[in-house]
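Scroll down for the structure; my scribbles are underneath it.
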Amino acid sequence: MKELLEKIRREAEQKIADSDSTESLDDVKVSILGKKGELTMLLKGMKDLSPEERPKFGQLVNQAREQIELKMNAKREAMRKEMLTAKMARETIDVTLPGKKMIRGHKHPNQIALEDLERVFIGMGYEVVDGPEVEYDRMNFKLLNIPEDHPAKDEQDTFYISRHDPAKGETTEDDIVLRTQTSSVQARIMLAAGKLKETSKGFPERELPIKIISPGRVFRSDEVDATHSPSFHQVEGLVIGKGVTMADLKGTLDQFATNFFGPKTKTKLRPHHFPFTEPSAEVDVTCFKCGGKGCGVCKGSGWIEILGCGMVHPHVLEMCGIDPNEYSGFAFGIGLERVALLKYEIADMRLMYENDIRFLEQF
Ligand code: DAH
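The opening residue of the sequence shown carries number 24 in the working numbering; numbering runs sequentially from there.
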């Protein structure tokens, strides 16, 4: 049996030396030391030896086992080292190669304009609130004095998510649109602060007075051209309190215009009509380019229109649960792209959406 043991040991060592992969090494391990391996079988055969010989032979087998394991481990370690060296050689990095240049991003001019604008209003004590882009018809139209058949709705009537059959009459709670104006946030904020809090559709409840701006994306069925896009941005403003007047509105807009466009900027209110304000006005600012003399930018008039505004209609206050005998307020809606295009003298609105780095990196 000793000769057999010696033979197994020698053959095992040869097999280990011949293995060229960890897998073949594993195979050797199984065939020699495994449950049915040669050495294990030899141990099982010990019962044929005399009781005196058994412990001695057992010791020899164990020694052989240890030797084989040592050889196996050494071989495994050598293989690992060899693989690592090969891998390192494969993955050598030439540190003298020039690095890849990281392209640094730019803030979009719309975003720069928005941050400027927010700074001005936050400075005057306004809070910035967010409203949903997918909106109830009720918030976008009805509560703003734009009922089902109002012509103002035609102009903006747009992307419906779901809609009842108009032939069957009034709008329902299920009528949902992509909002056409950020004025929808006015309705939400007033509901959330008025007596009809429970109808504010989960908008966070708040207290009067109100002093907010709400920037965001709006959607209309407009064709794309140099000044139109089916999706653009507005910034809504709303102030509701006791004794708020048109003079407050004018003063606020003057502050905005001089801070945003420059200290020499003047504002002018032109009478206009919006369903949810009374009286309503459109606001022009003196042309930042020519200072009011008339030039190409202002098409010779010296003035540029930037927003719509007015005193919140008493009926709108009432519909939102705020008593118009106690409270009054003003609202305004600024076209964000409009003021950004003007401020940075960009001739075509389409440039704002094309994400051309050559355009964006100029700001
Ligand atoms: N929502 C109007 C529009 O999209 C703009 C506007 C006008 C907003 C007057 C107002 C406002 O808050 O008082 O044309």
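In this text, a Cβ means the ideal position worked out from N, Cα and C, and glycines have one as well.
Note that the coordinates shown come from a computational prediction; the quantities given were computed from them, not determined experimentally.
Residue i CB to nearest heavy atom of the ligand DAH below 7 Å
{"i": "residue 332", "result": "yes"}
{"i": "residue 351", "result": "no"}
{"i": "residue 356", "result": "yes"}
{"i": "residue 324", "result": "no"}
{"i": "residue 297", "result": "yes"}
{"i": "residue 134", "result": "no"}
{"i": "residue 230", "result": "no"}
{"i": "residue 158", "result": "no"}
{"i": "residue 206", "result": "yes"}
{"i": "residue 237", "result": "no"}
{"i": "residue 301", "result": "no"}
Residue(s) in a DSSP beta bridge with residue i
{"i": "residue 332", "result": "304 and 355"}
{"i": "residue 234", "result": "262"}
{"i": "residue 132", "result": "In DSSP, residue 132 forms no bridge with anything."}
{"i": "residue 174", "result": "The partner list for residue 174 (beta bridge, DSSP) is empty, contrary to what the question assumes."}
{"i": "residue 204", "result": "DSSP, once it has assigned bridges, lists no residue as partnering residue 204."}
{"i": "residue 72", "result": "DSSP, once it has assigned bridges, lists no residue as partnering residue 72."}
{"i": "residue 155", "result": "Its beta-bridge partners do not exist; DSSP assigns none."}
{"i": "residue 395", "result": "The question about residue 395 has no answer, for the chain in this structure spans 24 to 386."}
{"i": "residue 291", "result": "307"}
{"i": "residue 223", "result": "Bridge partners of residue 223: none, in fact."}
Euclidean distance between Cα positions of residue i and residue j
{"i": "residue 244", "j": "residue 368", "result": "26 Å"}
{"i": "residue 58", "j": "residue 95", "result": "17 Å"}
{"i": "residue 150", "j": "residue 338", "result": "25 Å"}
{"i": "residue 304", "j": "residue 293", "result": "5 Å"}
{"i": "residue 132", "j": "residue 363", "result": "7 Å"}
{"i": "residue 215", "j": "residue 312", "result": "42 Å"}
{"i": "residue 87", "j": "residue 119", "result": "53 Å"}
{"i": "residue 385", "j": "residue 127", "result": "13 Å"}
{"i": "residue 106", "j": "residue 115", "result": "14 Å"}
Same chain, Cβ closer than 7 Å to residue i, neighbours up to 5 away in sequence not counted
{"i": "residue 53", "result": "60"}
{"i": "residue 280", "result": "288, 290 and 308"}
Any non-hydrogen atom of the ligand SAH closer than 7 Å to residue i Cβ
{"i": "residue 385", "result": "The model on display carries the ligand DAH but not the ligand SAH."}
For residue j and residue i, believed in contact at Cβ under 8 Å, the rounded distance
{"i": "residue 290", "j": "residue 271", "result": "The pair is not a contact, with the Cβ atoms about 14 Å apart (cut-off 8 Å)."}
{"i": "residue 169", "j": "residue 257", "result": "16 Å between Cβ atoms; not a contact."}
{"i": "residue 263", "j": "residue 376", "result": "That pair is no contact at about 34 Å."}
{"i": "residue 344", "j": "residue 231", "result": "10 Å between Cβ atoms; not a contact."}
{"i": "residue 284", "j": "residue 366", "result": "7 Å"}
{"i": "residue 317", "j": "residue 324", "result": "6 Å"}
Nonlocal neighbours in the same chain, by C-beta distance under 6 Å from residue i, ignoring five residues either side
{"i": "residue 183", "result": "200"}
Same chain, Cβ closer than 8 Å to residue i, five either side skipped, listed in chain order
{"i": "residue 72", "result": "24 and 80"}
{"i": "residue 39", "result": "48, 51, 91, 94, 95 and 98"}
{"i": "residue 359", "result": "133, 136, 137, 140, 238, 255, 256, 257 and 258"}
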